Each structure stands twice: as structure tokens, then as C-alpha cells.
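Top line first, the protein sequences correspond to chains A and B. Quick note: the first sequence, position 142, residue 143 per this note's numbering, numbers continuous. Quick note: the second sequence, position 79, residue 80 per this note's numbering, numbers continuous. Where is the CB? At the ideal position from N, CA and C, for every residue including glycine. The model shown is predicted, which means the values in this text are computed figures rather than measured ones. Some notes on the structure that comes next.
There are 2 protein chains.
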Amino acid sequence: MSPRTAPRPQADETRARIVDAALEALRANGIAGVSARTIARHGGFNQALIFYHFGSVEGLLVAVARRESERRSALYAPALREVTSLLELVGVARRLHDEEFSRGSVAALTQMLAGAVGSEELARGIWDALEPWTTLVRETIERLLADTPYGEALSPDDLTAAVTALFLGIELLTGLDPNGRERTPFSTMEAAAAGIDALLRPQGAATDG
Amino acid sequence: MSPRTAPRPQADETRARIVDAALEALRANGIAGVSARTIARHGGFNQALIFYHFGSVEGLLVAVARRESERRSALYAPALREVTSLLELVGVARRLHDEEFSRGSVAALTQMLAGAVGSEELARGIWDALEPWTTLVRETIERLLADTPYGEALSPDDLTAAVTALFLGIELLTGLDPNGRERTPFSTMEAAAAGIDALLRPQGAATDG
DNA sequence: GTCTATAGTCGGATAGAC
DNA sequence: GTCTATCCGACTATAGAC
Chain A
2 MSPRTAPRPQ
12 ADETRARIVD
22 AALEALRANG
32 IAGVSARTIA
42 RHGGFNQALI
52 FYHFGSVEGL
62 LVAVARRESE
72 RRSALYAPAL
82 REVTSLLELV
92 GVARRLHDEE
102 FSRGSVAALT
112 QMLAGAVGSE
122 ELARGIWDAL
132 EPWTTLVRET
142 IERLLADTPY
152 GEALSPDDLT
162 AAVTALFLGI
172 ELLTGLDPNG
182 RERTPFSTME
192 AAAAGIDALL
202 RPQGAATDG
Chain B
2 MSPRTAPRPQ
12 ADETRARIVD
22 AALEALRANG
32 IAGVSARTIA
42 RHGGFNQALI
52 FYHFGSVEGL
62 LVAVARRESE
72 RRSALYAPAL
82 REVTSLLELV
92 GVARRLHDEE
102 FSRGSVAALT
112 QMLAGAVGSE
122 ELARGIWDAL
132 EPWTTLVRET
142 IERLLADTPY
152 GEALSPDDLT
162 AAVTALFLGI
172 ELLTGLDPNG
182 RERTPFSTME
192 AAAAGIDALL
202 RPQGAATDG
């Protein structure tokens, strides 16, 4: 699962290259189509390198989940910490959607989650890898709920799960829809968010964040 | 993809048994773990039967999607046609969640959608199979939107996609979460729906469905 | 309509040369 | 640290017996 020697510059570069290739293979072929050989083909390196650096294909997939989760958390934490309304939250979500979907990181994640069924190692590894990201989302939602009169009826954990689920499901569906890649549900979500914001404000406590 | 002779009672029974086994295998092993052999093992029949009756493993998976979509449409259409508020819609969704998740049909669908990446046949087959279901959901949403003053800003297609995506994503996540099978986000969703209903009603036209 | 047997391919993983 | 070569198991699909 890890190299047998202390990581050196060149090895780190190779490891990053392998992780890139795995993400690309997941996006292009899906979990059912990834193998050490297809991944190596995508990256133009030797199949045996995967086992040397990551121990197994599953070990490599967990490394993909971990790297992407950390990168995504670092990238969106500043914007999420400044969000003060549902509409602004949807705005960040739209930016995240545009950037991450075109990068393929959401597609790769859905594929790994599908693969986690029936693989305890993958399930646990991905669950752990996702923690920084889910924590960030939950903190944001908790902060927003504190400004509304409905905070007590709505569970942050449930809302976090719902938001995450929505993203994953959108990826699954847009991959299927022949016209899916051109459509995006975010104008509708922004309209809904603006409406809810407007309805909440007159009734909510006027706490200024 | 079809039997070479006119379907007879016993053949129909066998086909149904194979479809059942495929659904079970998808739920237990995921798309990456299904094969003609694992499916046959789940159902206790011979592997070659799959190719005789469905032509290929992918052909069988499309048959699973089609049967489940039709069954689900017929089962929930009456309840969905009677829904007159967001809260009631979430109530039906909760019943659907309880019944279909325990049946494994949503898990099977997410796995097939994951498998549709990189398989044009699977993607098209599932897309077609899902049509009766997505039509039913969209009609329900259109009817509900017509009773609110916000119908014009919210696209039924987008909301249909969002609702469907939410279900699929929840399945992916609850499979991952070690405690996921015991939790359900529906109390939170019902609270949110009740709130939105209450906020909408005073402003909406008092049309009685 | 269902079975056994098998052809041919591809996959995970390791040994050992460099 | 990266490569080639290889073992062996699992897979899809078909042929042909029953």
C-alpha cells in the first residue's frame, strides 16, 4: 500500500501520475472497466508500478479518493466560510459543479462508491478519505441554520448527506442522459434558493453574520 | 437478447428467476462484481442460461432495469396522482424509500448507472427503461408546481432530475456510511417540506386540487 | 430449454532482471 | 524504482449433448 522506502521526489511524481491515470480511467471506463492494465494504459506506464506503489488496485483507488477530497476541501473552504445565505451556497455549489464535474472528480467518486459495494476495504477507505470534505460541508450548513428559525427541526447531518447525495446523483444521471452534459439544474436551484431566502428573511431573527 | 421461440410459461418463469438473481447480485456485489457466473450462483442456475435468454450480461441488466421501472411506476402511480402538497410528496417518497431500498431496486439501479459509463448499450437501455418512471415523476411535479406562484421559475425537468438524483445519491452514501442503514434523512425532509408548504400557502392562489 | 465442456481473453499479482 | 515475463484464476461466449 506504500512504497518500501522513504518517498523521494521522483517517486512522488510517479505516484501522482498514477493517481491521475486512475481518475481518468474511472471517468472514462467506470469502476467495472478499471483494472491495473487499463489504468496503466491511460497513464502510459507499466502495470506493475501500481502494485509497487499502492499494493493493489483498491489501494490506488483509496489514494485517489483521499487526494481529491483534500484538494477539494482546501480549494472551496474559503468560499464556503464566507457564505451567508442559501442562494450564496447554491452559487458556490454551482462553481464546484462546473469545475469538479469537468475535472471528472465527481464521476470518479461515484464510481468508487459504486465499487465500495461488496468491498469492505474500499468502503472504509473512501469513508475515511471523505471526512475532511463532509466536515467542511456540515460546518457550513450548521452556520447557515443557526441564522434561521428552523434550525432545530433540520438536522445538519441529514442536510449534509442530502447535499452530497444530490451531487452524486446528478453525476450518475447526467452521464446517462444523452443531452445531460449540456443541461444543468442550477438555474432552477438558484430560483428555489432565492425564493426560500426571501420567505425566510422576514420571519427570521435579524442576526447579522 | 430474446429467446428463439415464442415465450412459454416455464421460460417466463426462468427469465423472471434470472432477473431476480441479477438484481440480488447487483445489490450484493456491485456492478464491478457481477458476472454471468456470480449471477448464476445467486439464483442457483446454470451460467449459460443467461446467454440463451438475454444474449449477454448487459442485456440481462437492461431487462432488470426495465422490469423494475415498470413495476415501480405501476405501484406508485395511484399514490402520486393523489398528492397535493410537498409534504405529501415527501410522504410518498418516504414510503418508496422504505420499500424500494429494502428490496434493493435502488441499489441495483445505481450500480447499473455506474456501469453505464463506458457502455453505450447499457446507457441507452437503461435510459429507455427508466422512461415510464421519469414521466410519472415529472407529471406529478408539474401538477404541484401549477398550484404555486413559483411554477414559472422552476423547471419540472430540473426538479425531476433533482429528485431522482437525490434518491440515487442517498443509496450511494448509505451504502458507504457504517451506520447509514439505520439513518434516514426523511424526518428532516418532512420538516423542510412542511415549512415550505406553510410559507407558500398564504401567498399562493387558493386553488383546491 | 437446460445442461456440461471448453475455447479464448483478460485480470491481479509476483519474481526477478536491470 | 521501473521494467519484462509469467502464473493462474475468472471471465464471456459458444458448441453440442441431453
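Taking a C-beta cut-off of 7 angstroms against chain B, the contacting residues of the segment 128–155 of chain A are Trp128, Tyr151, Ala154, Leu155, listed in chain order.
Among the CB atoms of chain A, none fall inside 9 angstroms of the CB of Asp99(B). Judged by DSSP secondary structure, Ser156(A) falls outside any alpha helix (DSSP H); it is assigned neither H nor E. Residue ranges of uninterrupted alpha helix (DSSP H) with 4 or more members, entirely inside the segment 103–178 of chain A and ordered along the chain, are 106–117, 121–147, 157–177. Judged by their CB atoms, Ile171(A) and Ala162(B) are nearer to each other than the 9 angstroms cut-off. Closest in alpha carbon position to Asp99(A), among Arg28(A), Gln11(A), Phe168(A), Ile32(A), is Phe168(A). At least one CB of chain B lies nearer than 9 angstroms to the CB of Pro179(A).
Identification of residues in the segment 17–48 of chain A having a C-beta nearer than 9 angstroms to some C-beta of chain B yields Leu27, Arg28, Ala29, Asn30, Gly31, Ile32, Ala33, Gly34, Val35, given in sequence order. Of the candidates Ala108(A), Glu14(A), Val84(A), Val84(A) places its Cα closest to the Cα of Arg139(A).
Rounded to the nearest whole angstrom, the C-alpha separation of Thr185(B) and Glu14(A) is 42 angstroms. With respect to the C-alpha of Leu81(B), the residue from Ala94(B), Asn180(B), Ser70(B), Glu69(B) having the closest C-alpha is Ala94(B). When C-alpha distances from Gly31(A) are compared across Thr189(B), Ala23(B), Asn180(B), Glu121(B), the shortest belongs to Glu121(B). Here the alpha carbon of His54(B) sits roughly 39 angstroms from the alpha carbon of Val91(B). Excluding its 5 nearest sequence neighbours in each direction, Val58(A) has C-beta neighbours in its own chain below 6 angstroms: Ala37, listed in chain order.
Take Leu87(B), set aside five residues on each side of it, and the residues of its chain with a beta-carbon closer than 6 angstroms to its own are Ala194, Ile197, Asp198, in chain order. For Arg182(B), there is no enclosing alpha helix (DSSP H), as DSSP marks it with neither H nor E.
For Val63(A), the enclosing alpha helix (DSSP H) covers residues 58–83. In this structure, the alpha-carbon of Thr175(B) lies about 14 angstroms from that of Leu110(B). Annotation: Ala12(A) to Glu69(A) spans about 19 angstroms, alpha carbon to alpha carbon.
At a C-beta separation below 7 angstroms, Asp159(A) has these neighbours in chain B: Pro186, Thr189. Counting every other CB atom within 10 Å of its CB across the protein chains shown gives Gly45(A) a total below 16, marking it as exposed. The residues Ile142, in chain order, have a CB closer than 7 angstroms to that of Leu160(B) in the same chain once the five nearest residues on each side in sequence are set aside. Taking 9 angstroms as the threshold, the shortest C-beta distance from Ser103(A) to chain B does not fall below it. Within the same chain, Arg139 come within 8 angstroms of Asp158(B) by CB-CB distance, once the 5 residues on both sides are set aside.
One finds Leu114, Ala117, Val118, Ala124 in chain B with Cβ atoms closer than 8 angstroms to the Cβ of Gly176(A), taken in chain order.
Here the alpha carbon of Pro179(A) sits roughly 13 angstroms from the alpha carbon of Leu114(B). When CB distances to chain A are screened at a threshold of 8 angstroms, not a single residue of the segment 56–69 of chain B falls below it. Glu153(B) sits exposed, since fewer than 16 C-beta atoms from the chains shown fall within 10 Å of its C-beta. Residue state for Phe52(A) is assigned as helix, using DSSP reduced to three classes.
Collapsing the DSSP output to three states places Asn47(B) in coil.
DSSP places Gly196(B) inside the alpha helix (DSSP H), whose first and last residues are 187–201.
Under the 9 angstroms criterion on CB atoms, Leu87(B) is classed as non-interfacial with respect to chain A. Contacts between Ala193(A) and chain B, judged by CB atoms closer than 7 angstroms, involve Leu155 in chain order.
The C-alpha of Thr165(A) lies about 31 angstroms from the C-alpha of Leu61(B).
Chain-order list of chain B residues neighbouring Gly196(A): Tyr151, by C-beta distance under 7 angstroms.
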